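Take any residue in the sequence shown, note its place counting from 1, add 8, and you have its number in the working numbering.
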Amino acid sequence: METKMFSLDIIHKSLKKQGEELCGDTVEIHQDNDDTLIVLADGLGSGVKANILATLTSKIIATLIKNKLSIEEAVKTIVNTLPECQVRKIAYSTFTVVKIEPDGDTRIIEFDNPATAIFRQGSLLPINFTTSEVEGKIIREGHCRLVPGDELFLFSDGVIHAGIGKTLKLGWQWENIVGYIEGLHRSNDCSIYEKVNNLISFCSILYQDVPGDDSTVVGVRVREEQPGVVMVGPPLEQERDQEVVERLLAKEECLKAVCGGTAANIVARETNRELRVSLDYPDPSIPPIGRIKGIDLVTEGVLTIRRTLENLRAIAADDGTVILELWNKADGASLLTKFLLQGCTHIQFLIGRRENPAHRRPDFPPELNQKHRDIAEIMAILTSLGKKTEALYF
Numbered sequence: 009m010e011t012k013m014f015s016l017d018i019i020h021k022s023l024k025k026q027g028e029e030l031c032g033d034t035v036e037i038h039q040d041n042d043d044t045l046i047v048l049a050d051g052l053g054s055g056v057k058a059n060i061l062a063t064l065t066s067k068i069i070a071t072l073i074k075n076k077l078s079i080e081e082a083v084k085t086i087v088n089t090l091p092e093c094q095v096r097k098i099a100y101s102t103f104t105v106v107k108i109e110p111d112g113d114t115r116i117i118e119f120d121n122p123a124t125a126i127f128r129q130g131s132l133l134p135i136n137f138t139t140s141e142v143e144g145k146i147i148r149e150g151h152c153r154l155v156p157g158d159e160l161f162l163f164s165d166g167v168i169h170a171g172i173g174k175t176l177k178l179g180w181q182w183e184n185i186v187g188y189i190e191g192l193h194r195s196n197d198c199s200i201y202e203k204v205n206n207l208i209s210f211c212s213i214l215y216q217d218v219p220g221d222d223s224t225v226v227g228v229r230v231r232e233e234q235p236g237v238v239m240v241g242p243p244l245e246q247e248r249d250q251e252v253v254e255r256l257l258a259k260e261e262c263l264k265a266v267c268g269g270t271a272a273n274i275v276a277r278e279t280n281r282e283l284r285v286s287l288d289y290p291d292p293s294i295p296p297i298g299r300i301k302g303i304d305l306v307t308e309g310v311l312t313i314r315r316t317l318e319n320l321r322a323i324a325a326d327d328g329t330v331i332l333e334l335w336n337k338a339d340g341a342s343l344l345t346k347f348l349l350q351g352c353t354h355i356q357f358l359i360g361r362r363e364n365p366a367h368r369r370p371d372f373p374p375e376l377n378q379k380h381r382d383i384a385e386i387m388a389i390l391t392s393l394g395k396k397t398e399a400l401y402f
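Here's what the structure looks like:
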């Protein structure tokens, strides 16, 4: 697998303005071996028009920088490209651009969006910003070097306007948001996923569940790399059982999970270790977990993988209730979801191609069975959330 000096957990969530089909904020994320680029754009107004403007802005900036144009040139291009509202005399889209290098060196460029907030050990990290004028527009730029444990938050202005004229006279001011995040850290050292969900949920409360503006929060947590390996099902040829188990156990620093009863029995047999199945059923619809010494998580296969996929789909689709419920559950699918999201930064899947006859469809080749399709979608969602994934088939 490709590695970085550190890894990033990235999550973003939005509220649509009441009555609109589309959110007027968009987030574009690009990651490669060189750097990570995050663009948050807020289109003027709301609904379809705002969404189109924000999408154009984020796509243009991300594409230009991805193609090696400097941030300065990209910003200049977008400022020249976007028209100005003739009535209100303001730009049709505001934006924040964050570029994070592999060594943690970070550049932040803001145009009319709320200030980026960075936290170190739960407290706000002061960032020195400079201002410059580009084509008549005031641009703020800041630099810092992130280290593992740091958290970075981007906001659209719907967040700081939450509750204005209703629950709060002046809205949820930036300083209050910072205090809220610091309070989350003090009360419970929760994941970046929980913090972003908490922020958006509180925005909705301040809006009394009737959002008056599109609101988006992007959260980034810098982490030490933590590789993980997941064995899913048995190899096609039994002669390869030992090979797969050796791969599973090859790196001591890896977190390890095994999905599937046959796979778990193979690991137990090849390692001469006992497989013990729990008698607890935290969720009656999910088979119980097992335990093997040296393996961090042992679960059933098809049903657990399917529920894990459903959990990840909901998280990727901004369903905050899933995150709130997930962290308090102990069934196999919830534990596997947390293993993938919170436990690992790089995940290698060892996918066995032997089929369970009960799940076989004669009109599908082995590589297209439901389990493999579910794993492929799980990997795609994890990649969208900032994880590095790899699949090996046996």
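A virtual CB, placed ideally from N, CA and C, is assigned to each residue, including glycine.
Treat the numbers as computed from the prediction; the structure is a model and nothing was measured.
- Nearest C-alpha to F161 among G144, V106 and E143: V106.
- Per DSSP, the beta-bridge partners of S101 are G51.
- About 6 Å separates the beta carbon of Y401 from that of R361, a gap short enough to meet the 8 Å contact definition.
- Around the beta carbon of G187, fewer than 16 other beta carbons lie within 10 angstroms, which makes this residue exposed.
- Collapsing the DSSP output to three states places T175 in coil.
- The beta-bridge partner set that DSSP reports for K396 consists of H354.
- With respect to L263, V275 sits apart: the two C-beta atoms are not nearer than 9 Å.
- In this structure, the straight-line span from the alpha carbon of E81 to that of G241 is close to 50 Å.
- The beta carbons of E143 and V56 sit no closer together than 9 Å.
- The segment 378 to 392 and the segment 316 to 323 touch, with no fewer than 3 CB-CB distances between them shorter than 8 Å.
- Beta bridge pairing from DSSP links M239 with V266 and L358.
- Judged by DSSP in its simplified three-state form, V167 adopts helix.
- The beta carbon of Y201 sits closer than 8 Å to the beta carbons of D17, I19, G227, I323, I331, L349 and Q350 from its chain, once the five residues preceding and following it are set aside; these are given in chain order.
- Taking the Cβ atoms as the reference, T114 lies roughly 7 Å from H151, within the contact range of under 8 Å.
- Beta-bridge pairing by DSSP links R115 to K107 and H151.
- The beta carbons of L334 and E385 sit about 18 Å from each other, so the pair does not count as a contact at 8 Å.
- Assigned with DSSP and collapsed to three states, E261 falls in coil, not helix or strand.
- DSSP places L77 outside both helix and strand once states are collapsed to three, so it counts as coil.
- Between K21 and L207, the CB-CB gap stays under 9 Å.
- The alpha-carbon separation between G179 and T104 amounts to approximately 21 Å.
- In the same chain as E190, and ignoring 5 residues on each side of it, the C-beta atoms closer than 8 Å to its own belong to F127, G130, S131 and L132, in chain order.
- For P122, the number of other beta carbons within 10 angstroms of its own is at least 16, and it is reported as buried.
- In the three-state DSSP reduction, F347 falls in the helix class (H, G or I).
- Contact between G236 and I355 holds: their C-beta atoms lie close to 5 Å from each other, under 8 Å.
- Counting C-beta atoms within 10 angstroms of its own C-beta, N280 has fewer than 16 neighbours from the protein chains shown and is therefore classed as exposed.
- In the DSSP secondary-structure assignment, G227 is bridged to I19 and F161.
- Going by C-alpha positions, A62 is about 8 Å away from L48.
- For V230, the closest of T34, E29, K395 and L52 by C-alpha to C-alpha distance is K395.
- Rounded to the nearest whole angstrom, the CA to CA distance from N75 to I147 is 22 Å.
- Judged by beta-carbon spacing, T307 lies beyond the 9 Å limit of L358, meaning their Cβ atoms are not closer than that value.
- The secondary-structure analysis by DSSP pairs V306 across a beta bridge with V266 and G298.
- For F14, there is no enclosing beta strand (DSSP E), since its DSSP letter is neither H nor E.
- Residue range F137 to V142 is occupied by the beta strand (DSSP E) that includes V142.
- Burial is judged here by how many other beta carbons sit within 10 angstroms of a residue's own beta carbon; L287 has fewer than 16 and is exposed.
- For Y188, the secondary structure class from DSSP, reduced to helix, strand or coil, is helix.
- At the C-beta level, I116 and T44 stay beyond 9 Å of one another.
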